[in-house]
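Data block below; observations after.
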Amino acid sequence: MKKLKEFPLISSLSMMRVNQSFAGLLKPLVGESISGWIARGQHSKNPFLFDRAADAIEKFGAADADETTSGLLRRELTQIFDVNSSLFDYLFADYGSWLKHPANLRVDMCELCLFEDFSTYRRPTTRSIWAYSWFNICHVHGNLIRDLGSTIPSQAIANVLNHYMGAIPRPSSLSMQSPLSIRKLRMIASRTFKTLSLMALSFQQWYISALKAGKVHIPGAASTVALIDFEIFMSDLIAVIGKKRSYPYHQKSYIARLLDIKGECSLSVRLSPSAGPEACLCFEVREHPPEVRMAMFALLGLFIGVPHCVRSWQQGEDFQVRSDNLDRLWWGMHSELGQNLGYLEWLENRSRNWNAAIKERYSHLLVDWWHNRRART
Ligand SMILES: [Zn+2]
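Residue 305 is where the sequence shown starts when you use our numbering, and the numbers rise one by one after that.
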């Protein structure tokens, strides 16, 4: 597959600073996680400082060096490696805490990045950005980040090889999604899947830009809000976008229809509608498999109005450009055929916590489109 642009780029000036600062030590890769680099360093020719770093992580009681966003551990590491803290922060970007997996659940990786490590005689290593549920498409290879059954990259790549070759039965504890099933291959080859992947990639790039800026320019508005305010809003939309249908009472969820997922899946739950809307909402993104998560963030990008997401959707789906189409699509996601109005009520309640600028820009998401349409006709 054609390589996408590397992100972030390290300038030649920064590369010089890296070489000066880590003289005699194994250098970190672009985008490598701190814990991945330390683990590689412990197996290098000069492991002493990396062993000291591993001791410091243990002393701090952190599961690994990427566990905490508190500055204390990072500061200790900069002292151990005698490296300038601004260079350290530049090399090991902090992507915040929104939807970050704890260390023992960081099993989602890009197998092509790991193969690339392997083929260049480098110990396979983790990238910091793989630790987030909102990151679903590798920005280098363009493929889906997925559960490879281990938090240890060398074990993860062994799992992939074993699985592809069918040499060793997969232990039942591994939750690696079957990559070769005919249904999945058909899904990945579909035009809709490709459109959603592009949209998910655009959402990631938009969110990374917001993280770098430390604030969010609301798409389609002049206002700027704090990251935390926008993350609260996005979490509420994600809860609706990833909601399960109450089987067999409700229609198949929109994402299940988009991805052509049939039968029992994470988007279906055997609950009576009397269980209430909250029982079906998605409060834990990890409950869904990678392709569903990818579609969720693609649609999130569409509904918040990230320009590239909207454009890809319009081009990919022969979308009829009409002012109410997105409103209608959103209405369909929370209130199929007017059956499940409790979701809209839930969102209205949640919107009391939204920042005023967000509420003003996205007030259309709180409108009962069907009711308004009937009132007009
Ligand atoms: Zn990759």
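Glycine residues also receive a C-beta, built at the ideal position from the N, C-alpha and C atoms.
Discussion item. Alpha carbons only, please: which of A435, L502, L381 is nearest the one belonging to R615?
Written reply: Your numbering for residue 615 matches position 311 in the sequence shown. Comparing Cα-Cα distances from R615 to each of A435, L502, L381, the minimum goes to L502.
Item to complete: May I ask you to report which of helix, strand or coil DSSP gives D421?
Response: On the sequence shown, residue 421 is found 117 positions in, with the first residue counted as 1. Looking at D421 - three-state DSSP - the assignment turns out to be helix.
Worksheet item: For A504, is the classification buried or exposed, using 16 other Cβ atoms within 10 angstroms of its Cβ as the cut-off for buried?
Response: If you number the sequence shown from 1, residue 504 lands on position 200. Result: buried.
Worksheet item: Is the closest heavy atom of ligand 1 to the C-beta of H445 under 7 angstroms?
Response: Locating residue 445 in the sequence shown gives position 141, counting from the first residue. Because some heavy atom of ligand 1 lies under 7 angstroms away, the Cβ of H445 counts as near it: yes.
Discussion item. What ranges does the beta strand (DSSP E) occupy inside the segment 564-625, keeping only unbroken runs of at least 3 residues that lie completely in it?
Written reply: none
Discussion item. Less than 7 angstroms between C-beta atoms, sequence neighbours within five positions excluded: which residues of the same chain meet that for R654?
Written reply: Along the sequence shown, read from residue 1 onward, the residue named residue 654 stands at position 350. Cβ neighbours of R654 beyond the five flanking positions: D540.
Practice prompt. Take the Cβ of D412 as the centre, count every other Cβ of all protein chains shown within 10 Å, and call the residue buried at 16 or more, exposed below.
Written response: As a working note, residue 412 is residue 108 in the sequence shown. By the neighbour-count rule (16 or more Cβ atoms within 10 Å), D412 is buried.
Worksheet item: Taking Cβ to Cβ, would you say T499 is nearer than 8 angstroms to G620?
Response: One-based indexing of the sequence shown puts residue 499 at position 195. One-based indexing of the sequence shown puts residue 620 at position 316. Contact flag set, yes.
Worksheet item: Using a Cβ-Cβ cut-off of 7 angstroms (strictly less than) and excluding sequence neighbours within five positions of I472, which residues of its own chain qualify?
Response: In the sequence shown, counting from the first residue as 1, residue 472 sits at position 168. Residue placement at I472 cannot be trusted, given a pLDDT of 49 that sits under 50; the coordinates are not used to answer.
Fill in: DSSP state of Y666 mapped onto helix, strand, coil
Numbered from 1 along the sequence shown, position 362 holds the residue referred to as residue 666. Y666: coil per DSSP, three-state reduction.
Practice prompt. For D451, write down the residues that DSSP places opposite it in a beta bridge.
Written response: Start at 1 with the first residue of the sequence shown, and residue 451 comes out as number 147. DSSP lists D412 as partners of D451.
Practice prompt. Quick one: grab the DSSP three-state call for R495.
Written response: Counted from its first residue, the sequence shown places residue 495 at position 191. Residue state, collapsed to three classes: helix.
Fill in: Cβ separation of R574 and Y558, assumed to be a contact under 8 angstroms, to the nearest whole Å
By 1-based counting over the sequence shown, the position of residue 574 is 270. By 1-based counting over the sequence shown, the position of residue 558 is 254. That belief does not hold up - the Cβ atoms of R574 and Y558 are roughly 20 angstroms apart, past 8 angstroms.
Practice prompt. Go through its chain and collect everything with a Cβ distance to F422's Cβ below 7 angstroms, but skip five positions before and after it.
Written response: Counting from 1 along the sequence shown, the entry for residue 422 is found at position 118. So the qualifying residues of the chain are P428, I461.
Practice prompt. Would you tell me roughly how many angstroms separate the C-alpha atoms of F537 and K663, rounded to the nearest one?
Written response: Start at 1 with the first residue of the sequence shown, and residue 537 comes out as number 233. Start at 1 with the first residue of the sequence shown, and residue 663 comes out as number 359. So the alpha carbons of these two residues sit roughly 9 angstroms apart.
Worksheet item: Are the Cβ atoms of V464 and L452 separated by less than 8 angstroms?
Response: Counting from 1 along the sequence shown, the entry for residue 464 is found at position 160. Counting from 1 along the sequence shown, the entry for residue 452 is found at position 148. Yes, Cβ-Cβ distance for V464 and L452 is below 8 angstroms.
Discussion item. Please list the terminal residues of the continuous alpha helix (DSSP H) segment that includes T382.
Written reply: As a working note, residue 382 is residue 78 in the sequence shown. Per DSSP, T382 belongs to the alpha helix (DSSP H) from 375-384.
Discussion item. Counting C-beta neighbours from all protein chains within 10 Å, is the total for N440 16 or more, i.e. buried, or is it exposed?
Written reply: By 1-based counting over the sequence shown, the position of residue 440 is 136. Label assigned to N440: buried.
Practice prompt. Quick one: grab the DSSP three-state call for Y468.
Written response: Position 164 of the sequence shown, counted from the first residue, corresponds to residue 468. Looking at Y468 - three-state DSSP - the assignment turns out to be helix.
Discussion item. Taking its Cβ as the centre, do 16 or more other Cβ atoms sit within 10 Å of Q258, making it buried, or is it exposed?
Written reply: Any answer about residue 258 is impossible in this case: the structure gives the chain only from 305 up to 681.
Worksheet item: Where do the ends of the alpha helix (DSSP H) carrying H445 lie?
Response: Stepping through the sequence shown from its first residue, residue 445 is reached at position 141. H445 -> no alpha helix (DSSP H), and no H or E assigned at all.
Practice prompt. Throw me the rounded Cβ distance for the P596 and S570 pair, which I believe falls under 8 angstroms.
Written response: Taking the first residue of the sequence shown as 1, we reach residue 596 at position 292. Taking the first residue of the sequence shown as 1, we reach residue 570 at position 266. Sequence inspection shows Val at residue 596; the Pro mentioned does not correspond to that position. Their Cβ separation, rounded to whole angstroms, is 6 angstroms, which keeps V596 and S570 in contact under 8 angstroms.
Worksheet entry | DSSP beta-bridge partners of S390 | Position 86 of the sequence shown, counting from 1, holds the residue named residue 390. Per DSSP, none; premise fails for S390.
Worksheet item: Hey, S701 and G335 are a contact pair by Cβ (cut 8 angstroms); roughly how many whole angstroms apart?
Response: Look at the range of the chain in this structure, 305 to 681, and you will see that residue 701 is not part of it.
Discussion item. Considering only heavy atoms of ligand 1, does any lie closer than 7 angstroms to the CB of L452?
Written reply: Position 148 of the sequence shown, counted from the first residue, corresponds to residue 452. No; taking the cut-off as 7 angstroms, the Cβ of L452 has no heavy atom of ligand 1 nearer than that.
Worksheet item: Between L333 and ligand 1, is the CB less than 7 angstroms from at least one heavy atom?
Response: Within the sequence shown, numbered from 1, the residue matching residue 333 stands at position 29. Flag unset: Cβ of L333 not near ligand 1.
Discussion item. Pull the bridge partners of S550 from the DSSP assignment, please.
Written reply: Here residue 550 corresponds to residue number 246 of the sequence shown, with the count starting at 1. Bridge partners of S550: V573.
Item to complete: With DSSP collapsed to three states, give me the class of I542.
Response: As a working mapping, residue 542 is identified with position 238 in the sequence shown. Correct three-state label for I542: helix.
Fill in: Sequence-distant residues of its chain with Cβ nearer than 8 angstroms to Y436 (five each side left out)
Locating residue 436 in the sequence shown gives position 132, counting from the first residue. Excluding sequence neighbours, Y436 sits near Y399, W402, L403, K404, H405.
Worksheet item: DSSP on R431, reduced to helix/strand/coil?
Response: What you label residue 431 is simply residue 127 of the sequence shown in a count that begins at 1. Three-state result, R431: strand.
Fill in: E336 (DSSP reduced to helix, strand or coil)
Indexing the sequence shown from 1 puts residue 336 at position 32. Strand at E336.
Discussion item. Can you tell me whether A525 is helix, strand or coil according to DSSP?
Written reply: As a first step, residue 525 must be located in the sequence shown, where it is residue number 221. The answer is coil: DSSP assigns A525 none of H, G, I, E or B.
Worksheet item: Does any heavy atom of ligand 1 sit closer than 7 angstroms to the C-beta of L502?
Response: Numbered from its first residue, the sequence shown carries residue 502 at position 198. Result no, Cβ not under 7 angstroms from ligand 1.
Worksheet item: Say the cut is 7 angstroms; is the CB of C584 nearer than that to a heavy atom of ligand 3?
Response: What this structure holds is ligand 1, not ligand 3.
Fill in: Run of the alpha helix (DSSP H) containing A360, from where it starts to where it stops
As a first step, residue 360 must be located in the sequence shown, where it is residue number 56. 352-363 is the span of the alpha helix (DSSP H), which, as asked, contains A360.
Discussion item. Per the DSSP calculation, K516 is bridged to which residue(s)?
Written reply: Stepping through the sequence shown from its first residue, residue 516 is reached at position 212. Answer by DSSP bridge pairing: none, since K516 is not bridged.
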